[in-house]
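*Asks:* Can you keep this structure in mind? I'll have questions shortly.
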Amino acid sequence: MTESIGEIKCEEEVAEVFSLLGISKFGCEVYLKLLQEGPLTLSELTEKMEAKTSQLYYYIKELVSKGLVEASSSRPVVYRAVSPSVLEKLYIEKTESLRARILERLKATAPRKQKLASEEPNVYTLKNWRTFLARAEEAAHNATVDLVVCGDFEFVKYLKETIELKEKEGVNIYVLLYEVPGINIDYSKLPKLRKIRKYVSGDLVVISDSRVAVLSQRRRSLLEKPNYGLIIEDPVIIDYLEQDFFFRWIRSEIIRDENMKLPTSFTIFRLALYEAQKLLQKKCRLRVLVYGRYVRTGEDCMVEGELVNTLFEDSRGIAQLTIKVNGNTVTIGAQDAIIEDIAASRVEVRGAC
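Each number in the working numbering corresponds to the 1-based position in the sequence shown with 4 added.
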């Protein structure tokens, strides 16, 4: 809102603002008349609005009680509208209060424990750009182990505050930045994270703890807003997206790539392998705690051992950790592992360099 609104009328969008403050459309018109031509006495206002004095008095009392009109102590009483800046503050306070109350009630209504993706795999469609951005930020906020973010500079900047906070909380965050015509990368305003790289192009993606992915088509310019997005809770699709991300990541241009702080955890197996491999090359002594299932029996397991080797063969699609447990070697693979002993759903890396 501005200090001067000229000959603005109480049209629909203006009336909506006053409605939220408990003021009717006619009350809105009274306020605007006082703003444009006041201060005025009741008789002067009656003449200018060509209305009944009794009717105007009722609405003046309403506006005074709501804090939108001030009344003088003189006789006759003179009325004047508060400035648009004051109106703006009242509106913001009202919307914030209303937002807090409604969200509290909605959260009380929603189930306390959401179903896991593995319980009810599904894909949902969004057809609103603002909702897509909000869902992407929500997914990032809910990450507790690892988080993948892919997108152009404006998309990454939108998530900047959230992902910086999550890394401070110990979440492993990987950001893959894409170049888009008309969206210049301001390197000074990139998130302060340990892992940021740049690739030629790609879609807008957020993957949180391998449980939920928020995906939309890439933008070809700043003004383009994708007309749909997907909320993915299907582990098969999420695994495919994570593999695609990993192969882009290892081929991308490094902006920042610092070693992870130990101990640390991953739900994305190939990223755990990638980081462990780098630490082994630095002669670090590492131990790995694996949560997953035995490939042969399908039984759930939790196994800990000394990391002795890492293997990644892109041509054959082999990604594998080897650990020593009670003198025996055990091979660890991703969730879709076939030839390894254990298919890992989560990997914790511990040790010192």
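Using N, Cα and C, we set each Cβ at its ideal position, and we do this for glycine too. Keep in mind that this is a model prediction, so the values were computed, not measured.
Go through its chain and collect everything with a Cβ distance to residue 41's Cβ below 8 Å, but skip five positions before and after it.
*Replies:* Position 37 of the sequence shown, counting from 1, holds the residue named residue 41. Same-chain partners within the cutoff: 52.
*Asks:* Leaving out five residues on either side along the sequence, give the residues of the same chain with a beta carbon under 8 Å from the beta carbon of residue 350.
*Replies:* For the purposes of this step, residue 350 is identified with residue 346 of the sequence shown, where counting begins at 1. The residues are 149, 269, 270, 271, 294, 295, 296.
*Asks:* Reducing DSSP to helix, strand and coil, say where residue 19 ends up.
*Replies:* What you label residue 19 is simply residue 15 of the sequence shown in a count that begins at 1. Three-state result, residue 19: helix.
*Asks:* Can you list, in chain order, the residues of its chain with a C-beta nearer than 8 Å to that of residue 338? Leave out the 5 residues immediately preceding and following it.
*Replies:* In the sequence shown, counting from the first residue as 1, residue 338 sits at position 334. Once the five neighbours on either side are set aside, the close Cβ partners of residue 338 are 243, 273, 274, 323, 347, 348.
*Asks:* Taking contact to mean 3 or more Cβ pairs, one atom from each stretch, closer than 8 Å, check whether the region 190-200 and the region 125-134 are in contact.
*Replies:* no
*Asks:* To which residues does DSSP link residue 337 through a beta bridge?
*Replies:* Within the sequence shown, residue 337 is the residue found at index 333, counting from 1. Bridge partners of residue 337: 347.
*Asks:* Can you round the beta-carbon distance between residue 127 and residue 238 to whole angstroms, since I take them to be within the 8 Å contact cut?
*Replies:* Here residue 127 is taken as the residue at index 123 of the sequence shown, counted from 1. Here residue 238 is taken as the residue at index 234 of the sequence shown, counted from 1. Indeed they touch by this definition, with Cβ atoms about 6 Å apart.
*Asks:* Could you work out which residue in 330, 102, 313, 25 is closest to residue 71 when comparing CA atoms only?
*Replies:* For the purposes of this step, residue 71 is taken as the residue at position 67 of the sequence shown. Comparing Cα positions, the closest option is 25.
*Asks:* Relative to the alpha-carbon of residue 38, which residue among 220, 49, 79 has its alpha-carbon at the smallest distance?
*Replies:* As a first step, residue 38 is located in the sequence shown; it is residue number 34 there, counting from the start. It is 49.
*Asks:* Can we count residue 27 as close to the ligand GTP, meaning its CB is less than 8 Å from some heavy atom?
*Replies:* This structure does not include the ligand GTP; it has no bound ligands of any sort.
*Asks:* Just list the residues that DSSP pairs residue 154 with in beta bridges.
*Replies:* In the sequence shown, the residue the question calls residue 154 occupies position 150. Assignment of beta-bridge partners to residue 154 by DSSP yields 180, 209.
*Asks:* Between residue 280 and residue 314, how many whole angstroms is the CB-CB distance? I'm expecting something under 8 Å.
*Replies:* Position 276 of the sequence shown holds residue 280. Position 310 of the sequence shown holds residue 314. With 8 Å as the limit, residue 280 and residue 314 qualify as a contact, their Cβ atoms being about 6 Å apart.
*Asks:* Hey, how far is the Cα of residue 90 from the Cα of residue 266?
*Replies:* In the sequence shown, counting from the first residue as 1, residue 90 sits at position 86. In the sequence shown, counting from the first residue as 1, residue 266 sits at position 262. Between residue 90 and residue 266, the C-alpha separation is close to 52 Å.
*Asks:* Who pairs with residue 189 in a beta bridge, going by DSSP?
*Replies:* Translated into positions along the sequence shown, residue 189 becomes position 185. Note: residue 189 sits in no beta bridge, so no partner.
*Asks:* DSSP three-state label for residue 3, please.
*Replies:* Outside the displayed range of the chain (5 to 357) lies residue 3, so it cannot be described from this structure.
*Asks:* Is residue 58 helix, strand or coil when you go by DSSP?
*Replies:* Translated into positions along the sequence shown, residue 58 becomes position 54. In this structure, residue 58 counts as helix in the three-state DSSP scheme.
*Asks:* Check this for me: beta carbons of residue 259 and residue 278, under 9 Å apart or not?
*Replies:* Within the sequence shown, residue 259 is the residue found at index 255, counting from 1. Within the sequence shown, residue 278 is the residue found at index 274, counting from 1. No, the Cβ-Cβ distance between residue 259 and residue 278 is not below 9 Å.
*Asks:* Where does residue 261 sit, in a helix, a strand or coil, going by DSSP?
*Replies:* In the sequence shown, counting from the first residue as 1, residue 261 sits at position 257. DSSP places residue 261 in strand when its eight states are reduced to three.
*Asks:* Buried or exposed for residue 306, going by 16 or more other Cβ atoms inside 10 Å?
*Replies:* Sequence index remark: in the sequence shown, residue 306 carries index 302 (1-based). Exposed, since its Cβ has fewer than 16 Cβ neighbours within 10 Å.
*Asks:* Taking all protein chains shown into account, decide if residue 318 is buried (16 or more other Cβ within 10 angstroms of its Cβ) or exposed.
*Replies:* Reading the sequence shown from its first residue, position 314 is the one you call residue 318. Exposed is the call here.
*Asks:* Less than 9 Å between CB atoms is the rule here; does residue 19 satisfy it with respect to chain B?
*Replies:* The question asks about chain B, but that chain is absent: this structure has only one protein chain.
*Asks:* Classify residue 314 as helix, strand or coil using the three-state DSSP reduction.
*Replies:* Translated into the one-based positions of the sequence shown, residue 314 becomes position 310. Strand at residue 314.
*Asks:* Here's the rule: buried if 16 or more other CB atoms are within 10 angstroms of the residue's CB, otherwise exposed. What is residue 166?
*Replies:* Here residue 166 corresponds to residue number 162 of the sequence shown, with the count starting at 1. Looking at its Cβ environment, which holds 16 or more other Cβ atoms inside 10 Å, residue 166 is buried.
*Asks:* Counting only the same chain and skipping the five closest in sequence on each side, list residues whose C-beta sits under 6 Å from that of residue 20.
*Replies:* Start at 1 with the first residue of the sequence shown, and residue 20 comes out as number 16. Cβ within range, chain order: n/a, list empty.
*Asks:* With a cut-off of 8 Å on the beta carbons, I'd call residue 187 and residue 157 a contact; round off their distance for me.
*Replies:* Here residue 187 is taken as the residue at index 183 of the sequence shown, counted from 1. Here residue 157 is taken as the residue at index 153 of the sequence shown, counted from 1. Right, their Cβ atoms sit about 5 Å apart.
*Asks:* Could you tell me the boundaries of the alpha helix (DSSP H) in which residue 322 lies?
*Replies:* Within the sequence shown, residue 322 is the residue found at index 318, counting from 1. Taken as a continuous stretch (DSSP letters only), residue 322 belongs to no alpha helix (DSSP H), being part of the beta strand (DSSP E) at 322-329.
*Asks:* Any chance you could list the alpha helix (DSSP H) runs of at least 4 consecutive residues sitting entirely within the region 221-294, in chain order?
*Replies:* 239-253, 273-285
*Asks:* Run the CB neighbour count on residue 63, radius 10 Å, all protein chains shown included, and call it buried at 16 or more, exposed below.
*Replies:* As a position in the sequence shown, residue 63 is number 59, starting the count at 1. Residue 63 should be labelled buried.
*Asks:* Rounded to the nearest angstrom, how far is the Cβ of residue 299 from that of residue 344, given a contact under 8 Å?
*Replies:* Taking the first residue of the sequence shown as position 1, residue 299 is located at position 295. Taking the first residue of the sequence shown as position 1, residue 344 is located at position 340. Their Cβ separation, rounded to whole angstroms, is 6 Å, which keeps residue 299 and residue 344 in contact under 8 Å.
*Asks:* Tell me the residue span of the beta strand (DSSP E) that contains residue 84.
*Replies:* Locating residue 84 in the sequence shown gives position 80, where the first residue counts as 1. 82-85 is the span of the beta strand (DSSP E), which, as asked, contains residue 84.
*Asks:* Once DSSP output is grouped into helix, strand and coil, what is the label at residue 303?
*Replies:* Mapped onto the sequence shown, residue 303 falls at position 299. Residue 303 falls in the coil class under three-state DSSP.
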